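Quick notes on the structure that follows.
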Amino acid sequence: MNMLMIARHELKVISRSKWVFSFTILYTVLAITIVLFGGSAEEAGFTGFNRMAASLLNLSLFLVPLLTLLIGSTSLAGDKEDGSLTLLFTYPIPTSRILVGKFIGLLVTLFAVITFGYGAASLILFFSKASVSLHFFLLFYGFTMLLMVLFLGLAMLVGVLSSTRFQALGLSLILWAVTVLFYEFVIMGLAMVIGKQAILAMFTASILLNPVELIRVWTIISLDSGSIFGPHLYDLTVWSEGNIGQIVFALTAILWVLIPILISNSILKRGINHGA
């Protein structure tokens, strides 16, 4: 038993999930709908942050974290619940390789879901003979994949912390609601009570502390559309567009993947030792 065998088994099991099929259909239908009715393809030639871009970005920021958290966490929690994870621990293989193997299997599955949705949308664009910027399309596709990877690390942690699939489902929904729905309201509330001199630092920290906001801002900056943040955040826009800002964003993204997996591995190892 090695890491690739675990990844292959995870891929085989999760690909049969009704959740995966349902989310694939939902994501594809919504992506096609946005492409068809979200705005004129000639509007800014698909290069600016127009209504189409905003709709595609919001679709990814809303659905991809939910899809990733639910599928990733319930898969791992389900393995704990039915005892298959305990069986894996009996093999002479480190817990880190087990986690990475499962991570890879889930990653490939979610990669296929998102690729199918974007592929269907690109076919619609092709047959409609729309003026499409390949850079624009690949940029959105890449950042959507990155968003999925960031939340997959969190999904693994939720799965490790959960004893049952139902518990993983509940924790995933709470985490999704906090990061996607309520986070902005908290930041807006804080911005109203803190001093003006601290607002820029607060907004910078708020971007780095939430993978959703990290991807949102990074995508907009990469589209050279930082002007939509307004004059009050001009310094933040300039910093984000510079080399230092891009490096900080990249390092933060790496940490959002590594830290949850390292914590998950530590929890599993501690559980094995206590069980022994």
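Just so we're aligned: the sequence shown equals residues 7 to 282 in this note's numbering. Heads up, the beta-carbon is just placed ideally off N, CA and C, and yes, glycines get one too. Note that this is a predicted model, so its numbers are computed, not measured.
Exercise. Compute the Euclidean distance between the alpha carbons of Phe132 and Leu140, then round it to the nearest angstrom.
Key: 11 angstroms
Self-check item: Cβ-Cβ separation, Ala59 to Gly229 (assumed contact under 8 angstroms), whole Å
Solution: Before going on, a small fix: residue 229 reads as Leu here, not Gly. Leu229 to Ala59, Cβ: 7 angstroms. Contact.
Exercise. For Arg14, collect the residues of the same chain with a Cβ closer than 8 angstroms to its Cβ; drop the 5 residues on either side in sequence, then sort them by chain order.
Key: Gly111
Quiz item: Unbroken alpha helix (DSSP H) runs of length 4 or more, entirely within the segment 183 to 260: which are they?
Solution: 189 to 199, 202 to 214, 217 to 228, 240 to 247
Quiz item: Cβ atoms of Glu190 and Lys108: under 7 angstroms apart, would you say?
Solution: no
Quiz prompt | Val219 classed as buried or exposed, judged by whether at least 16 other C-beta atoms fall within 10 angstroms | solution = Per the sequence shown, the amino acid found at residue 219 is Glu instead of Val. When all chains shown are included, Glu219 counts as buried.
Quiz item: Near Leu156, what residues of its chain come up, given a Cβ to Cβ distance below 8 angstroms and the 5 sequence neighbours on each side ignored?
Solution: Pro217, Leu220, Ile221, Ala259, Trp262, Val263
Practice problem: Please list, in chain order, all residues of the same chain as Ala174 whose beta carbon is under 7 angstroms from its beta carbon, the five residues on each side excluded. | Solution: Ser79, Thr80, Ala83, Val164, Gly165, Ser168
Quiz prompt | Closest by C-alpha distance to Leu93, when choosing among Thr34, Ile12, Arg57 | solution = Ile12
Quiz item: If you draw a straight line from the alpha carbon of Glu87 to that of Pro98, how long is it in whole angstroms?
Solution: 21 angstroms
Self-check item: Residues of its chain near Ile273, where Cβ-Cβ distance is below 6 angstroms and the 5 sequence neighbours each way are ignored
Solution: Val166
Quiz prompt | Reference Arg171; option with closest CA among Leu257, Thr96, Ile77 | solution = Ile77
Quiz prompt | Spatial distance of Gly159 from Phe255 (CA atoms) | solution = 17 angstroms
Quiz item: Can you tell me where the alpha helix (DSSP H) with Tyr97 in it begins and where it stops?
Solution: Tyr97 -> no alpha helix (DSSP H), and no H or E assigned at all.
Quiz item: Using the rule of at least 16 other Cβ atoms within 10 Å of the residue's Cβ for burial, across every protein chain shown, is Asp85 buried or exposed?
Solution: buried
Self-check item: Which listed residue (Asn271, Thr243, Gly277, Leu65) has its alpha carbon closest to that of Leu153
Solution: Leu65
Quiz item: Can you tell me whether DSSP reads Gly159 as helix, strand or coil?
Solution: helix
Self-check item: Chain-order list of residues whose beta-carbon lies under 6 angstroms from that of Thr243 (same chain, five-residue window excluded)
Solution: Gly232, Phe235
Practice problem: Express the C-alpha separation of Ala127 and Val41 in angstroms, rounding to a whole number. | Solution: 7 angstroms
Quiz item: What is the rounded straight-line gap between the Cα of Ile104 and the Cα of Ile205?
Solution: 43 angstroms
Quiz item: Pro100: buried (16+ other C-beta within 10 angstroms of its C-beta) or exposed?
Solution: exposed
Exercise. List the endpoints of the continuous alpha helix (DSSP H) containing Arg103.
Key: 101 to 133
Exercise. Flag this pair as yes or no: are the beta carbons of Thr121 and Ser21 separated by less than 7 angstroms?
Key: no
Practice problem: Measure the CB-CB distance between Thr225 and Phe142 and report whether it falls below 7 angstroms. | Solution: no
Exercise. Please report the Cβ distance between Trp182 and Leu72, rounded to the nearest whole angstrom; I am assuming they are in contact, meaning their Cβ atoms lie under 8 angstroms.
Key: 5 angstroms
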